[in-house]
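Worksheet: one structure, shown below.
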Amino acid sequence: MAVDYGTKRVGLAVTDPLKIIASALGTVRAHEVIAYLKNYFLKEQVECIVVGKPLQMDGSDSESAKHVEIFISSLAKNFPELPVKRVDERLTSRMAQASMLEMGMKKKDRQVKGNVDQISAVLILQTYLEMNP
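Shown next, in the form of structure tokens:
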């Protein structure tokens, strides 16, 4: 499972059992994400959680990095059996916008930030899968 964490919304993505294709799972409000994950993990088997690491273009932590670190601490506390992996998420929002344009999504749908969050999570997970075959 991949997470594109934001202080308002969290994009989620999962992969198939063969770990070939990442797919959007949905978007959850940030304050509801731990409860959502607890419920999801009761129904589905997850091997690890991949969280996007927000970096500046020069490789330093971005402004949102401290919020992501707090979220990761919450994941470790609530799901100690699941390893948390990190993936550089630079440019995922731009790539998500470009992907939506390529898919032919209407401008109105491309402006829905939840759609960007979901696709960003897919890109984070796909990057992880390619780096860990």
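Just so we're aligned, residue 24 is where the sequence shown starts under the working numbering, counting upward by one. Positions of the beta carbon are idealized from the N, C-alpha and C atoms, including for glycine. Just so it is clear, the structure is predicted and the values come from calculations on it, not from any experiment.
Buried versus exposed call for Lys-76 [16 or more other C-beta atoms within 10 Å across all chains shown]: buried
Which residues DSSP lists as bridging Ile-72, in chain order: Val-107
Thr-150 beta carbon less than 7 Å from that of Val-91: no
Straight-line gap, Leu-18 to Thr-50 (C-alpha atoms, nearest Å): Look at the range of the chain in this structure, 24 to 156, and you will see that residue 18 is not part of it.
Distance, Asp-81 Cα to Ala-25 Cα: 24 Å
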